[in-house]
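Converting from the sequence shown to our numbering requires adding 4 to each position, the first position being numbered 1. Worksheet: one structure, shown below.
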Amino acid sequence: MLKHWYHNSDLGFRLLHPAIRLREWLRVGWMSDRRFIERQFQHTFGYPLDWQNPRTLNEKMNWMKLHYRNPLQQQAADKWAVRTLVQDTVGEEYLIPLLRTYDDARDIRFTDLPDAFVLKVNHGSGQNWIVRDKHAVEESAVRRQFQAWMQISHYVTSREWPYKNMRPKIVVETLLLDEQGAIPKDYKFHCFGGRVEVIQVDLDREIQHRRNFYNRDWALQPFIWTEWEGDRPSWPNGQPVGQPGPLAHMIDVAEQLSASFPYVRVDLFLCGGKIYFGELTFYHGSGLERFEPLAYDHRFGELLILQEI
């Protein structure tokens, strides 16, 4: 009853949301960064994080949460501020067209927007709302959801330093669709020291999510890297996909955007033959996605040269 009232009523949201935020803080907000990271890592991998001698990629990503402080990360992780970084580095032609920004979710008005669009918060991860037809979506539900998301600190829930003290904003962009009317393939370039070493392709995200990995020569790689549901991978390999025509161009764009960081994932879309920037991610899966076979966690860990600032 309360859950329904919270999600479907503006009054219910206003009355219950403070209690929900307090519950989340009592669950994890009081922990030190080190303790929080250690607990998540131990729970996911079943062994303690070696702070003194991290070897795997996941260990090193979690080490970086606590020790790596590059001020440029805070601009790069901000899905609004990164647009300036992309424009200055590779050019504004790679940016998805911007429709509008909001500092307050209560200001969202569908009358100001086209029939289809994407809304996202700048300070979070995965907090997006795809609108294919605004006439089929309840505007007040979108406002409530973004009011909730605007008050979440991704830093508190992940301890990923770039999100600390980030000022929340809602970004509205054009909805990209491929020739079949689907969300275009998401190409994720994992870059180490400014070099693309492996390319992730997420498939059928709206139907049956699958994930493949390729090397720079577009050879399918024999591993999975995913969240797990017990012993089952959440996103196993899918059917092989063809090499994108402008692969060399995409690699060049990714390497330019990654040049300042020891590790970053550069997300690009290919739509209508044009390359679009998605986002920069410094801790893929928050450093909590398991490899199978495990040897690849060590192999990619060797490529990440730790830096402390």
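The beta-carbon is built from N, C-alpha and C at its ideal position, and this holds for glycine as well. Remember, predicted model here, so these are calculated numbers, not experimental data.
{"Asked": "Could you check the C-alpha separation between Leu-307 and Pro-118 for me, to the nearest Å?", "Found": "44 Å"}
{"Asked": "With a cut-off of 8 Å on the beta carbons, I'd call Pro-248 and Tyr-191 a contact; round off their distance for me.", "Found": "7 Å"}
{"Asked": "Between the C-alpha atoms of Gln-77 and Ile-112, what's the straight-line distance to the nearest angstrom?", "Found": "28 Å"}
{"Asked": "Look up Pro-237 in the DSSP assignment and give the residues it is bridged to.", "Found": "Trp-232"}
{"Asked": "Among the candidates Arg-110, Phe-217, Gly-291 and Arg-104, whose CA atom is the shortest distance from the CA of Asp-116?", "Found": "Arg-104"}
{"Asked": "For the region 171-185 and the region 240-260, state whether three or more C-beta atom pairs, one from each stretch, are separated by less than 8 Å.", "Found": "no"}
{"Asked": "Please identify the residue among Glu-283, Ile-211 and Pro-297 whose C-alpha is closest to the C-alpha of Trp-84.", "Found": "Glu-283"}
{"Asked": "Does the contact criterion of 3 or more C-beta pairs under 8 Å hold for the region 135-153 versus the region 58-65?", "Found": "no"}
{"Asked": "Going by CA-CA distance only, name the one from Asp-208, Pro-75, Gln-212 and Asp-82 that's closest to His-158.", "Found": "Asp-82"}
{"Asked": "Within 10 Å of its beta-carbon, does Asn-216 have 16 or more other beta-carbons around it, so buried, or fewer, so exposed?", "Found": "buried"}
{"Asked": "Given a threshold of 16 other Cβ atoms within 10 Å of its Cβ, counted over all protein chains shown, does Lys-278 qualify as buried or as exposed?", "Found": "exposed"}
{"Asked": "Considering only DSSP beta bridges, list what Phe-121 is partnered with.", "Found": "Val-135"}
{"Asked": "Kindly indicate which three-state DSSP category His-11 falls into: helix, strand or coil?", "Found": "Because the pLDDT at His-11 is just 48, under 50, the model does not fix this residue reliably, and the value given afterwards should be weighed accordingly. In the structure shown, His-11 sits in a helix (DSSP, three-state: H, G or I)."}
{"Asked": "Thinking just about the alpha-carbon of each residue, which of Leu-207, Asn-132 and Pro-266 is nearest to the one in Ser-238?", "Found": "Leu-207"}
{"Asked": "Assign Ile-187 to one of three DSSP states: helix, strand, or coil.", "Found": "coil"}
{"Asked": "Between Asp-37 and Leu-89, is the Cβ-Cβ spacing less than 7 Å?", "Found": "no"}
{"Asked": "How far does the beta strand (DSSP E) with Phe-281 in it extend, from its first residue to its last?", "Found": "278-285"}
{"Asked": "What do you get for Gly-276, buried or exposed, if any count of 16 or more other CB atoms within 10 angstroms of its CB means buried?", "Found": "exposed"}
{"Asked": "With respect to the alpha helix (DSSP H) encompassing Tyr-267, which residues constitute its N-terminal and C-terminal limits?", "Found": "No alpha helix (DSSP H) contains Tyr-267, which is instead part of the beta strand (DSSP E) from 267-275."}
{"Asked": "What are the start and end residues of the alpha helix (DSSP H) that includes Phe-114?", "Found": "Here Phe-114 belongs to no alpha helix (DSSP H), and DSSP marks it neither H nor E."}
{"Asked": "Are Ala-263 and Leu-179 touching if we call contact CB-CB under 7 Å?", "Found": "no"}
{"Asked": "Using the C-alpha atoms, what's the distance from Thr-285 back to Pro-75?", "Found": "15 Å"}
{"Asked": "Decide if Gln-131 is buried, meaning its Cβ has at least 16 other Cβ atoms within 10 Å, or exposed.", "Found": "buried"}
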